[in-house]
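What follows is a set of notes on a single structure, which appears directly below.
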Amino acid sequence: MKLTLRALAALLAYPSRELQDHVADIREAFDAEDALAPPARRRLESLLDALATRDLLDLQADYTELFDRARTLSLNLFEHVHGDSRERGQAMIDLRRQYAERGWLFAGTELPDFVPVFVEFASCLPPAEARETLAQPAHVFAALEQRLAQRGSPYAAIFAAVTGLSGARPDESALAELEARAPSDDAAKIDDEWEEAPVSFTRPANETSASRGIVAKIRWAGKAMGAAIKS
13 MKLTLRALAA
23 LLAYPSRELQ
33 DHVADIREAF
43 DAEDALAPPA
53 RRRLESLLDA
63 LATRDLLDLQ
73 ADYTELFDRA
83 RTLSLNLFEH
93 VHGDSRERGQ
103 AMIDLRRQYA
113 ERGWLFAGTE
123 LPDFVPVFVE
133 FASCLPPAEA
143 RETLAQPAHV
153 FAALEQRLAQ
163 RGSPYAAIFA
173 AVTGLSGARP
183 DESALAELEA
193 RAPSDDAAKI
203 DDEWEEAPVS
213 FTRPANETSA
223 SRGIVAKIRW
233 AGKAMGAAIK
243 S
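In the working numbering, the protein residues as written are 13 to 243.
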């Protein structure tokens, strides 16, 4: 599973000439490990073919349009779970600490919750731990797969593959809540969403445990993931 996860992480990176030159190696890694279910493996062929045959500038333009300009397709996991709340910063600190505790340090400019970084980290873990780690944000992966599939993007296959490798079945209620809380990609609404809400030091009376459920279910940088990594 190690090579498969690293190949999936590479496919989700910004398209480059180097990535195009190694499409055959990625196919070889998938076939050698045979970790993916046949439907998931076949589904990836559309993306592999595009990377191998399309013009690099077109590939980069499409990638930017998807992942850099559409907030609903952000490749930073905590953006989907915590938005721009203060909890997101603490989650980043917790995740970076968990990376360090396993001796896994990265010197890139990306945040620790960047999906390719997270998937590559999982590839460094023993198989059982890797599956448990990937299962924690399975709801986010499922949501991203659905959103990409609706756009007809071959990148949807990556998230289907990662979810399949995790062995997790995303909770439907958590997934529905994620969709309900999804940020708008409508430029006219973004300014309103970015207006700073008044600071409150008390919990609103109508804030029930259900309204906070998505954080409890998907906050994989919390106790569940920590326990899995340290076991």
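Backbone N, C-alpha and C define an ideal beta-carbon position, used for all residues, glycine too.
### Query
Which residue or residues does DSSP assign as beta-bridge partners of residue 126?
88
### Query
How long is the line joining the alpha carbons of residue 71 and residue 51, rounded to whole angstroms?
24 Å
### Message
Give me, in chain order, the residues of the same chain whose beta-carbon lies closer than 7 Å to that of residue 125; leave out the 5 immediate sequence neighbours on both sides.
### Response
88, 89, 90, 104, 107
### Query
Considering only the beta carbon of each residue, do residue 150 and residue 182 sit closer than 8 Å?
yes
### Query
By DSSP, does residue 179 sit in helix, in strand, or in coil?
coil
#### Entry: Residues near residue 48 in its chain [Cβ-Cβ closer than 8 Å; skip 5 each side]
16, 42, 56, 173, 176, 177
#### Entry: Bounding residues of the alpha helix (DSSP H) (the contiguous stretch that carries residue 139)
139 to 147
### Query
Do the CB positions of residue 170 and residue 20 come within less than 8 Å of each other?
yes
### Query
How close, in whole Å, do the beta carbons of residue 102 and residue 63 come, if the pair is a contact with beta carbons under 8 Å?
No, residue 102 and residue 63 are not in contact; Cβ-Cβ is about 36 Å, not under 8 Å.
### Task
Work out the CA separation of residue 115 and residue 136 for me, nearest whole Å.
10 Å
### Message
Let's test the definition: count the other Cβ atoms within 10 Å of the Cβ of residue 113 and tell me whether it reaches 16, buried, or not, exposed.
### Response
exposed
### Query
Nearest to residue 110 by CA position, among 40, 130, 82, 39, is which residue?
130
### Query
Taking all protein chains shown into account, do 16 or more other C-beta atoms lie within 10 angstroms of the C-beta of residue 68, making it buried, or fewer, making it exposed?
exposed
### Query
Considering only residues of the same chain and omitting the five flanking positions on each side of residue 25, which have a CB-CB separation below 7 Å?
31, 128
### Query
Quick one: what's got a C-beta closer than 6 Å to residue 134's C-beta in the same chain, skipping five residues either side?
17, 142, 145, 146
### Query
Going by the CB atoms, is the gap between residue 190 and residue 168 shorter than 8 Å?
no
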